[in-house]
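Below is one structure, written out as structure tokens; comments come after it.
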Amino acid sequence: MKKILIVATSVALLTACDLDVNKNPNYPEEAPATMLLPAVQNSIAVTVGDGMYNYAGFFAQYYDQMPEANQYNTLCDYTFTESSQIIDRSYRTLYAGALADINGIFKDKNASDADKYVATVLRTFCFQLLVDNMDQAPYKEILQGNANSMPKWDAGQEIYEGVLAELDEAESKLTKESAILSPDLLLSRDLDQWKGYANALRLRMYLRFVDAGVDAANYTAKIKALVDKGVFFTGDIKFDAFSDEKEKRNPWYACNKVELATNHVASYPIVTYMKSTKDPRIAYSFLKAANVSDYAGELPGSKAALSKKNADYSALNYYATKPVYFFTQSELQFLLSEVYLRFYSNDAKAEAAYIAGIDADFSARGMTTSASVMYGPNAPVAWSTASDNAAKLELIYMQKWVALCYMDHMEAWSEIRRTDCPKLSSKTADAIFKDPTIYTPGELIAPMRNGLGTGMVKRMFFPLSARQLNKNTPAAVPLTTGVWWDKK
């Protein structure tokens, strides 16, 4: 087990900046398929913990480009194109790494039904990520080698439906005697935890069907059946196998703190909101700006327009051994709070889950300050501050946005698109710069320099590498066009 851990953590750095699909380090030929699970988990961790984590953090307006650096200029002002290859590395890592290794587990005669179930849970997560980024993705015809080197791309809704059906089928094969044989760096072979994780994925995905207006009554019933059964994971679903040594660090840290010059500064929306709510978690993510001795965020996309220095804004705290989160307990509790409020009209349970969501986030960050500073009597975001259900939903969504900051940026970006919260300010970045009093803390701000005009990024381009190698890659779709569950 120790040897596998060393291999997995070393691969994290190797894949943090690129993956050579012709020499896949996650798929050694001599390894039996039942030993592939750690490599699958590592490939996913590199994807959600580095590539997607980085660009989604810009889109969720957690950070912006440091004014005296230039690595991510096109991400903060939305001027990147398909040729920028922003998603290409994540795309390759999922297909040539995680999904290829999952296929190896499926094909292994010695793999148990539980091994194949766990692989199916992770396959579901992989395709959720792909759809949430690009809407369409190769699904039904993938990984056939020379038999089909140009798989067709499938519609996002069909992929969601397909992997959810696969998940149900894999779970139906489990028995009381089912046991995970593969080494497991995520949940230590705890099958109950894997079932809880699968149900959380279902809950997340079912809500997207409902909010897209797709078979809403059926998926509402599925949501309530899940919640009534109450089988969810405890703690966090996290890849926690890093140490502060070369080739063993958190992949985003390794790429952005070790290999590249520091490029990130706090973004204006998250800083102004956390300051307005007196949120102590601001110190976990950000440092005080040297020039103002306070937390200060950069207006989105303003780097080229304003003559500012790095010291004018809050730099980020960096953590070499920070886990990569696949699903946080905090997010789960906020989803449950939303469900209790929307589908059960149960205010008490909604409030309890809301409080549990804040508690879980403080705990995940290792903060000793009591989370009740946020929701206790007369606290800034206490449940009692919301006058009606719409206001309570906004509380849930805003606190989920805060809780996902520096934890799970890909999911934060997806939830912003699903819930339309935080909402987009009607005021321009230029106007807010001239008069900050017109701005409502926490609202998203269209970048000052915006390659999309006044729009926001609602999807990623298809990978350039896919277009070059697969004639079935669809025609480019504008970044302002929502994925299938985001047509608002």
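As numbered in this note's numbering, residues 30 to 517 make up the sequence shown, in order. Cβ coordinates follow ideal geometry from the N, Cα and C atoms, glycine included. Every value quoted in this text rests on a predicted model; they were computed, and no experiment measured them.
Taking every protein chain shown into account, the CB of K421 has 16 or more other CB atoms within 10 angstroms, so this residue is buried. In this structure, the beta-carbon distance from E360 to L433 falls below 8 angstroms. Residue pairing by DSSP places I266 opposite F356 in a beta bridge. For the 8 angstroms CB-CB criterion, S207 and D137 do not form a contact. Taking each of P180, Y468, T398 and Y348 in turn and checking the Cα distance to D79, the smallest one comes out for Y348. For C105 and K258, the gap between their C-alpha atoms comes out near 43 angstroms.
Looking at the backbone, the Cα of M179 and that of R446 are separated by about 31 angstroms. A460 sits away from P476, with the two beta carbons spaced by 8 angstroms or more.
One alpha carbon belongs to N102, the other to Q94, and they sit about 6 angstroms apart. Rounded to whole angstroms, the separation of the alpha carbons of I387 and A393 is 10 angstroms.
Minimum Cα-Cα distance from E111 among the listed residues K205, V506, W513 and M436 corresponds to V506. Ranked by Cα distance from K205, the first of A194, D219 and N479 is D219. At a Cβ-Cβ threshold of 8 angstroms, A199 and T149 count as neighbours. Within the stretch 113–193, the complete alpha helix (DSSP H) segments of 4 residues or longer fall at 117–121, 129–136 and 142–163, listed in chain order.
If you draw a 10 Å sphere on the C-beta of P406, you find fewer than 16 other C-beta atoms in it, and that means exposed.
For F271 against K277, the beta-carbon gap comes to about 6 angstroms, under 8 angstroms, which counts as contact.
Taken through DSSP and simplified to helix, strand or coil, A344 comes out as strand. Going by beta carbons, Y354 and D265 fall inside the 8 angstroms limit. I188 sits away from L128, with the two beta carbons spaced by 8 angstroms or more.
Note on geometry: alpha-carbon atoms of V75 and P280 lie some 6 angstroms from one another.
Contact between D515 and K487 holds, with the beta-carbon distance rounding to 6 angstroms and staying under 8 angstroms.
With a cutoff of 8 angstroms on beta-carbon distance, Y383 and W412 are scored as near each other.
Taking the Cα positions, A250 is about 42 angstroms away from L345.
Non-local beta-carbon contacts of M439 in its own chain, meaning distances under 6 angstroms to residues more than five positions away in sequence, involve V77, M81 and A85 in chain order. Scanning the stretch 408–454 from its first residue to its last, the whole alpha helix (DSSP H) runs of 4-plus residues come out as 418–433 and 438–448. Per DSSP, the unbroken beta strand (DSSP E) holding V294 starts and ends at H293 to A295. A distance of 8 angstroms or more separates the beta carbons of P309 and I474. Going by beta carbons, I134 and L210 fall outside the 8 angstroms limit. Listed as beta-bridge partners of F315 by DSSP are L345. In terms of Cα proximity to T502, the closest of D164, Q90 and F87 is D164. Linking D161 to V512 through their CA atoms gives a straight-line distance of about 7 angstroms. The C-beta distance from A98 to T301 rounds to 23 angstroms, too long to meet the 8 angstroms contact threshold. Within the DSSP secondary-structure output, D323 pairs in a beta bridge with A318.
Non-local C-beta neighbours of R478 in its own chain, meaning closer than 7 angstroms and more than five positions away in sequence, comprise D106, G330, A333 and A334, ordered along the chain.
Taking the Cβ atoms as the reference, W430 lies roughly 16 angstroms from A415, outside the contact range of under 8 angstroms. Looking at the DSSP output, Y282 bridges to nothing.
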